Structure formats: structure tokens, C-alpha cells
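Heads up: the sequence shown begins at 106 in the working numbering, then just goes up one per residue.
Ideal placement from N, C-alpha and C gives every residue a C-beta, glycine not left out.
Owing to the predicted nature of the structure, the values given are computational and were not obtained by experimental measurement.
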Amino acid sequence: MQTIFVQVKCDLGRAYEVADEAVELEQVSEVHSISGQYDLMLKCYLDDDQDLGQFVVDTIQTLPGVKDTFTLIAFKAFG
106 MQTIFVQVKC DLGRAYEVAD EAVELEQVSE VHSISGQYDL MLKCYLDDDQ DLGQFVVDTI
166 QTLPGVKDTF TLIAFKAFG
């Protein structure tokens with residue numbers, strides 16, 4: 106299982122709509138509103154054989170209201 110965090114910048118006034126759509130995706134386990142350059146942080150779990158880039162491009166970036174994304178790959182969870 107692969108874990109990635111995707112920061113999402115939304116069109117103005119669309120963060121709640123994007124969050125509602127993202128939380129319904131099977132691979133997305135958590136959606137948080139955040140401050141800073143991005144509006145949302147998505148925690149995603151992907152199968153080991155799933156292409157991370159393809160998932161972000163085809164699934165996250167195509168959600169209505171998504172303006173930009175920044176992806177972080179997690180290597181190990183502690184605690």
C-alpha cells in the first residue's frame with residue numbers, strides 16, 4: 106500500500122465543493138482544509154501497483170474546481 110498526500114488549490118469559493126467530491130473517492134481516506142498556498146490536503150492510499158502520477162492527473166486534477174495540486178509521497182508512518 107502506498108500513501109500520498111495531495112495538496113489542492115481550488116478555484117475561488119469552490120473548496121467545500123472540491124472537498125465533498127474528493128472525500129467520496131475510494132482512495133481518499135481524509136480531506137482537511139489547510140492554510141497557506143493550498144486549500145485542501147488529501148490523504149490517499151493507493152495499491153502498490155497503481156501509478157501515483159496517473160491517479161493524481163486522472164482522478165484528483167480532474168475534479169471540478171481543482172486549480173493546482175502538489176503531491177507528497179510518504180515513506181513510513183511512525184507511532
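Member of the options whose CA lies at the smallest distance from the CA of residue i
{"i": "L151", "options": "E126, A179, K114 and G141", "result": "A179"}
{"i": "S138", "options": "D153, K148, P169 and L157", "result": "K148"}
{"i": "P77", "options": "A120, E135 and G184", "result": "Any answer about residue 77 is impossible in this case: the structure gives the chain only from 106 up to 184."}
{"i": "G118", "options": "V171, F175, F183 and L177", "result": "V171"}
{"i": "I109", "options": "D116, S134 and C115", "result": "S134"}
{"i": "Q142", "options": "F160, T164, Q112 and V162", "result": "Q112"}
{"i": "E131", "options": "D144, F175, S140 and I165", "result": "I165"}
{"i": "L177", "options": "V128, T167 and M146", "result": "M146"}
Distance, residue j Cα to residue i Cα
{"i": "K181", "j": "D125", "result": "28 Å"}
{"i": "D153", "j": "Q107", "result": "6 Å"}
{"i": "K114", "j": "Q155", "result": "24 Å"}
{"i": "E122", "j": "F160", "result": "20 Å"}
{"i": "G158", "j": "F175", "result": "11 Å"}
Extent of the continuous alpha helix (DSSP H) to which residue i belongs
{"i": "E126", "result": "A120 to A127"}
Enclosing beta strand (DSSP E) for residue i [first to last residue]
{"i": "Q112", "result": "Q107 to C115"}
- Query: Along the chain, which unbroken stretches of the beta strand (DSSP E) at least 3 residues long are found entirely within the stretch 141–173?
  - Reply: Runs of the beta strand (DSSP E) inside the stretch 141–173: 145–151.
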